[in-house]
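Counting in my numbering, the sequence shown runs without a single skipped number right up to 265 at its last residue.
The C-beta atom is built at its ideal place from N, Cα and C for all residues, glycine as well.
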Amino acid sequence: MDYINAAILGVIEGITEFLPISSTGHLIIAEQWLGHRSDMFNIVIQAGAILAVTIIYWRRLVDLVLGWRDPANRDYAAKLIVAFLITAILGLVVKKLGFELPETATPIAWALIIGGIWMIFAEWAAARRPPHKEITWLVAILVGIAQIVAGVFPGTSRSGATIFVAMLAGTGNRAAATEFAFLVGIPTMYAASAYELLKTFRDGGAAGEDWTALGIAFVVSTVVAFIAVKWLLAYIRSNRFTLFAIYRIILGVLLLGMAATGLIA
């Protein structure tokens, strides 16, 4: 039964990691019914979803590495690196401060609602600007910061925060903002997964981890995320993110109601 629950969590992670609806928020809520998991479990299955994006964008990644003589490629790669370094440095600071994810639904619910309202505003503001595809240095810096904000406040959504920060900061084109947000998430989540793995082995927690369940969830999240991202990239060519904003607001209100009635913690 635990393996089935792990697979379900893998499905939830795969669907929600790159849709702007918060994977961490959904996992924390789901674990109230499917059993609590370690921070390493949640982060490593996120790496499964990142693997799916790595596969989808492999040509773009190879082009950035092998085509470094192209000034445009060098500039784009440099901005990805800066965004990642900002996230990594701030992430270490957050870890040193002893930050812990919330285990109750209320803060996640509010983050979902506020994020949904913010998404609607960001779409409205971006629509009033020319659809520029350029990733500026300001966009790169703000995306790096947005990743940490999303990590500190589950329910915010890493993909949602980075995409809409990019759009508000000048990258009015949804596809260009989404690509940069997804690409910068690749080194970010791989680094987070490696950090948690090393920490677990160093602290002797590896023996207590259910590696079979973790492996199942990892594989499931990879496959499901691949399908979800392919769908999302096709969807945003002709549609706004408003549908996801509405979903976030409705889910947030439902969670507040369930928390108030004691159905969830």
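C-alpha gap between residue i and residue j, whole angstroms
i: Ile264; j: Pro102; result: 13 Å
i: Ile29; j: Pro107; result: 11 Å
i: Gly151; j: Gly91; result: 9 Å
i: Val65; j: Thr188; result: 17 Å
i: Lys133; j: Thr222; result: 28 Å
i: Ala109; j: Asp63; result: 40 Å
i: Leu34; j: Ile114; result: 27 Å
i: Gly208; j: Arg237; result: 45 Å
i: Trp118; j: Phe153; result: 14 Å
i: Ile148; j: Val93; result: 10 Å
i: Leu138; j: Gly262; result: 44 Å
i: Asp203; j: Ala194; result: 14 Å
i: Thr200; j: Lys95; result: 14 Å
i: Gln32; j: Asn5; result: 12 Å
i: Leu254; j: Ile15; result: 20 Å
i: Asp70; j: Ile250; result: 46 Å
i: Ser23; j: Ala146; result: 15 Å
i: Leu198; j: Trp124; result: 43 Å
i: Leu61; j: Glu196; result: 25 Å
i: Gly257; j: Leu97; result: 32 Å
Residue from the options whose Cα sits closest to the Cα of residue i
i: Phe164; options: Pro187, Tyr3, Ala140, Ile186; result: Ala140
i: Arg129; options: Ile114, Gly170, Trp137; result: Gly170
i: Asp39; options: Thr222, Pro187, Asp210; result: Asp210
i: Ala47; options: Met119, Glu17, Leu64, Arg248; result: Glu17
i: Ala7; options: Gly215, Thr136, Arg69, Ala146; result: Gly215
i: Asn239; options: Met119, Arg174, Gly208; result: Arg174
i: Gly205; options: Tyr247, Glu31, Phe41; result: Phe41
i: Arg37; options: Ala217, Tyr247, Leu183, Trp58; result: Ala217
i: Ile55; options: Gly262, Leu183, Thr200, Leu254; result: Leu183
i: Glu179; options: Leu27, His26, Tyr76; result: Tyr76
i: His26; options: Leu97, Arg158, Glu196; result: Arg158
i: Leu142; options: Glu196, Ser23, Val82; result: Val82
Cβ-Cβ distance between residue i and residue j below 8 Å
i: Ile50; j: Gly155; result: no
i: Gly252; j: Gly160; result: no
i: Gly144; j: Phe84; result: yes
i: Ala191; j: Ala78; result: no
i: Ala126; j: Gly172; result: yes
i: Met167; j: Ala234; result: no
i: Ala52; j: Ala225; result: yes
i: Thr162; j: Ala176; result: no
i: Glu13; j: Ile43; result: no
i: Ala259; j: Ala72; result: no
i: Tyr57; j: Thr212; result: no
i: Arg248; j: Ile21; result: yes
i: Arg59; j: Trp68; result: no
i: Thr242; j: Ile135; result: no
Supposed contact pair residue j and residue i - C-beta distance, whole angstroms, cut 8 Å
i: Gly10; j: Val220; result: 3 Å
i: Leu80; j: Leu232; result: Contact flag wrong, Cβ pair sits at about 20 Å.
beta-carbon residue i near the ligand COA non-hydrogen atom, thresh 7 Å
i: Phe180; result: The ligand content of the structure shown is nil, which means the ligand COA is not present either.
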